[in-house]
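Each step along the sequence shown adds one to the number in my numbering, with nothing skipped, and position 197 is 227. Beta carbons are placed, not taken as given, at the ideal position from N, Cα and C, and that holds for glycine. Below is one structure, written out as structure tokens, with a few remarks after it.
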Amino acid sequence: MTSGYKHLTVEIDAGVATATIDHPPINLFDVELIGDLYQFGKDVEADDQVRVVVLQSANPNWFIAHADVGLILQLPTEQAPVERLPFFSAMTERFRTMPKATIAVVEGRVGGGGSELTLSCDMRFAAIGRAVFSQPEVALGIIPGGTGTQRLGRLAGRSRALEIILGCEEFDAEAAERYGWVNRALPADELRPFVQRLARRIATFPSAAIAAAKEAVDAALPSPEAGLLAEANAFNQALVTEDAQVRMRRFLERGGQTPEVEARLGEAVGTLHA
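In structure tokens, the structure reads:
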């Protein structure tokens with residue numbers, strides 16, 4: 031496995047690959063971090079010694095803030111209908127489909143594309159009193175375009191998914207657990223030890239059985255491919271609107287993507303109309 035990641039530190043022990051995200055100050059999902067996680071996904075999928083993948087952050091206050099809004103503003107606004115998964119969605123989808131167990135450890139804040147990455151993992155565990163989840167995209171004039179509309183609908187159900195996506199509010203770990211957004215909310219000091227025990231336990235089981243179990247569970251659900259393509263096209267339709275362009279620029283002008291504003295993201299995106 032390559033060691034050339036810019037913002038990831040990877041440790042492999044007893045069949046568990048732990049990738050620690052370290053991209054201060056807020057682990058913004060920019061080009062470099064997206065590239066790191068795309069490459070890591072490819073690398074770890076091909077590593078036969080790895081049976082479990084754990085994603086965590088070096089910063090207990092932030093898992094991943096969200097995708098870089100400046101990067102979204104640079105996307106072309108004239109696009110043909112999407113016929114294959116966009117790069118970001120392909121990156122997140124790999125964590126769902128790879129024949130390894132994938133686990134996200136959320137100690138702090140996670141939103142937008144960061145939330146979509148965790149949703150693409152097989153399991154998510156969150157710290158009580160610290161973890162905060164959000165999908166702020168609609169307030170910015172766009173939609174969750176990195177698999178979020180499809181994942182949340184399956185995990186939380188249609189009504190709750192729409193509450194999350196349309197409300198653009200923040201959810202603490204316990205609310206996220208009730209909604210099915212995460213598997214469990216645990217005391218902060220118990221979170222990593224719990225996940226470590228679970229990951230190490232799974233890693234003692236046969237790799238073929240782990241892969242087969244994932245494949246069989248996924249077979250119970252419709253293939254997400256058509257929905258992911260529909261999501262990508264809907265994202266592009268929203269992106270070209272004047273409202274989206276104005277709101278995203280206004281968000282950045284008002285301090286979006288700084289720790290101070292990101293720490294109250296729900297409030298910040300709720301005032302972009304004025």
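According to DSSP, is residue i helix, strand or coil?
| i | result |
| --- | --- |
| G141 | strand |
| I42 | strand |
| L115 | coil |
| A256 | helix |
| I173 | coil |
| S33 | coil |
| Q104 | coil |
| R284 | coil |
| F265 | helix |
| P217 | strand |
Taking residue i as the reference, which of the options has the closest Cα?
| i | options | result |
| --- | --- | --- |
| V112 | D152, T301, N263, E283 | N263 |
| P166 | A304, E292, T39, H37 | E292 |
| G34 | L67, A44, S119, V46 | L67 |
| G142 | A304, L295, T301, H303 | L295 |
| M128 | R208, G100, G175, A242 | A242 |
| E207 | G300, L196, A44, R154 | R154 |
| L38 | V299, K130, F93, A246 | F93 |
| K130 | T148, A88, D77, L149 | D77 |
| P223 | I51, V135, V212, E200 | V135 |
| R181 | E255, T234, V225, R214 | E255 |
| D98 | G285, E75, L149, A203 | G285 |
| A239 | D60, G71, V82 | V82 |
Is it the case that the Cβ atoms of residue i and residue j are separated by a distance below 8 Å?
| i | j | result |
| --- | --- | --- |
| E193 | A161 | no |
| E108 | L115 | no |
| R231 | A44 | no |
| V80 | I133 | no |
| E261 | T148 | no |
Can you give me the Cβ contacts of residue i inside the same chain, cut-off strictly under 6 Å, excluding the 5 residues immediately before and after it?
| i | result |
| --- | --- |
| L259 | V112 |
| Y209 | A186, R190 |
Given residue i, which residues of its chain have a CB within under 7 Å of its CB, disregarding the five upstream and five downstream residues?
| i | result |
| --- | --- |
| A268 | G171, I172, I173, A274 |
| L196 | V168 |
| A218 | E137, A157, I158, G159, R160 |
Is any heavy atom in the ligand HEM found nearer than 7 Å to the beta carbon of residue i?
| i | result |
| --- | --- |
| E292 | The model on display carries no ligand, and the ligand HEM is accordingly not part of it. |
I'd like the ranges of any beta strand (DSSP E) spanning at least 3 consecutive residues and lying wholly in the region 150 to 207. 153 to 158, 162 to 164
Along the chain, which unbroken stretches of the alpha helix (DSSP H) at least 4 residues long are found entirely within the region 41 to 83?
-> 61 to 75
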